[in-house]
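K.L.:
Numbering (my numbering), first residue to last: 133 to 573.
This is the structure, below, for whatever I ask next.
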């Protein structure tokens with residue numbers, strides 16, 4: 133991964149002013165996610181972050197959470213097909229940051245190995261978060277305990293209108309409870325988006341459903357939430373009451389299919405919930421509940437189809453963008469290789485010239501060395517001759533020294549004889565003088 137970091141940094145630098153950052157299936161892992169976190173922390177432009185399929189784990193998601201904490205522009209976070217739930221610490225770090233986040237509305241955590249401990253952290257986050265409207269937790273091993281933790285958080289949440297739990301093993305009863313709470317939030321969102329809608333006003337005035345409508349017309353809207361589209365008539369199939377007829381035919385004042393909006397869908401769900409609460413017989417309650425669940429399933433399928441279309445467009449865009457980026461990168465690499473090759477050729481020519489100069493210098497040095505060797509041999513021969521001559525002279529001097537030493541020995545011997553003779557004569561003179569003196573006296 134270390135060798136891909138420079139390429140990742142170049143990609144981030146190239147998209148520094150873009151609102152969308154897509155690194156889907158780029159294999160950036162935790163090390164690359166740390167660099168992405170720094171980018172998100174300092175970037176005021178990015179709104180949509182796609183990190184699907186990058187083997188992000190606890191270390192990477194913790195770093196990313198720290199980056200999101202200081203970001204004020206991010207709207208959508210796609211983390212599906214990673215492994216952030218392998219260690220619950222990573223999910224907990226992300227949930228703690230999302231508790232106080234005021235911008236992110238879409239979070240995709242599909243297939244992230246999130247277990248019941250991670251679900252507990254997400255449930256705690258839902259209790260206080262006021263901006264997330266779409267949350268996808270499909271294909272995680274939440275289990276029954278995780279489902280109950282999510283349900284507990286969702287009971288205190290009024291902004292989440294879409295929570296996908298396919299393949300998460302949360303239990304059928306929990307799924308029904310979650311679906312009911314999501315319908316409640318969508319109905320409340322419809323009222324907050326259009327408080328003067330007829331169905332919303334009826335719900336606000338009814339004590340049984342006023343809490344769903346957010347407290348009545350006097351309540352200020354707290355969030356602008358998107359709902360799914362439903363291409364059916366305002367009364368629904370076979371639904372009586374406001375907006376529909378017992379025969380299932382829409383009245384003349386009903387909105388046409390082409391004019392049907394998300395607000396109308398939410399208003400319809402609100403009226404269905406009102407009718408469900410008005411019923412006394414269990415079978416009637418069950419009937420309206422089944423209708424609401426069926427409509428909700430249709431809404432979910434419609435949302436899935438739309439999401440599938442969006443995902444397909446994203447994949448096509450990503451593949452096209454990736455192809456163009458690869459082509460540009462390859463072109464840039466080829467140009468760099470050509471420039472490097474030209475530089476290498478120039479270096480080769482310079483080295484060849486230097487080699488020729490060095491060869492000339494070496495030849496000159498070899499000639500000088502040969503001449504020096506010849507001079508050295510001549511000097512050695514001359515020195516040998518001089519040494520021979522000096523040795524001969526030295527032998528002559530030594531012989532002269534010996535002769536002189538012999539002569540000196542003879543001279544010393546003669547000197548000793550002369551000294552002895554001189555002493556004898558002195559003695560004789562003394563005796564002679566003594567005799568003369570005796571004679572004279």
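By construction, the Cβ of each residue, glycine as well, lies at the ideal position given by its N, Cα and C atoms.
Predicted, not measured: the structure shown is a model, and the values here were computed from it.
What three-state label does DSSP hand residue 302 in the structure shown?
P.N.:
coil
K.L.:
Specify the secondary structure class of residue 152 as computed by DSSP and reduced to three states.
P.N.:
Residue state, collapsed to three classes: strand.
K.L.:
Buried or exposed: residue 455, going by 16 or more other Cβ atoms within 10 Å of its Cβ?
P.N.:
exposed
K.L.:
Who are residue 208's beta bridge partners in DSSP?
P.N.:
180, 238
K.L.:
Flag this pair as yes or no: are the beta carbons of residue 285 and residue 265 separated by less than 7 Å?
P.N.:
no
K.L.:
For residue 166, count neighbouring Cβ atoms within 10 angstroms of its own Cβ and tell me buried if that reaches 16, exposed if not.
P.N.:
Counting other Cβ atoms within 10 Å of its Cβ, residue 166 reaches 16 or more and is therefore classed as buried.
K.L.:
With the cut-off set at 7 Å, would you say residue 319 and residue 293 are in Cβ contact?
P.N.:
no
K.L.:
Between residue 283 and residue 309, how many whole angstroms is the CB-CB distance? I'm expecting something under 8 Å.
P.N.:
With 8 Å as the limit, residue 283 and residue 309 qualify as a contact, their Cβ atoms being about 5 Å apart.
K.L.:
Buried or exposed: which applies to residue 465, given that a residue is buried once 16 or more other Cβ atoms fall within 10 Å of its Cβ?
P.N.:
Exposed, by the Cβ-count rule.
K.L.:
Measure the alpha-carbon distance for residue 289 versus residue 462 and round it to whole angstroms.
P.N.:
Rounded to the nearest angstrom, the two C-alpha atoms are 50 Å apart.
K.L.:
Check residue 267 in the structure and name its three-state DSSP category.
P.N.:
Correct three-state label for residue 267: strand.
K.L.:
So residue 214 packs on residue 187, CB below 8 Å; how close in whole Å?
P.N.:
6 Å
K.L.:
Buried or exposed: which applies to residue 143, given that a residue is buried once 16 or more other Cβ atoms fall within 10 Å of its Cβ?
P.N.:
buried
K.L.:
Going by beta carbon distance, what residues of the same chain come within less than 6 Å of residue 459, once the five residues before and after it are set aside?
P.N.:
none
K.L.:
Under the DSSP definition of a beta bridge, which residues are partnered with residue 295?
P.N.:
Residue 295 is bridged by DSSP to 267.
K.L.:
Over the uninterrupted alpha helix (DSSP H) stretch that includes residue 226, give me the two end residues.
P.N.:
220 to 232
K.L.:
With the cut-off set at 7 Å, would you say residue 221 and residue 190 are in Cβ contact?
P.N.:
yes
K.L.:
Are the beta-carbon atoms belonging to residue 420 and residue 429 less than 7 Å from one another?
P.N.:
no
K.L.:
Distance, Cα to Cα, residue 232 vs residue 413?
P.N.:
44 Å
K.L.:
Quick one: give me the first and last residue of the alpha helix (DSSP H) that residue 248 is part of.
P.N.:
248 to 260
K.L.:
Mind checking whether residue 250 and residue 270 have CB atoms under 7 Å apart?
P.N.:
With contacts defined by Cβ atoms closer than 7 Å, residue 250 and residue 270 do not form a contacting pair.
K.L.:
Given residue 184, which residues of its chain have a CB within under 8 Å of its CB, disregarding the five upstream and five downstream residues?
P.N.:
156, 157, 210, 211, 212, 213, 214, 240
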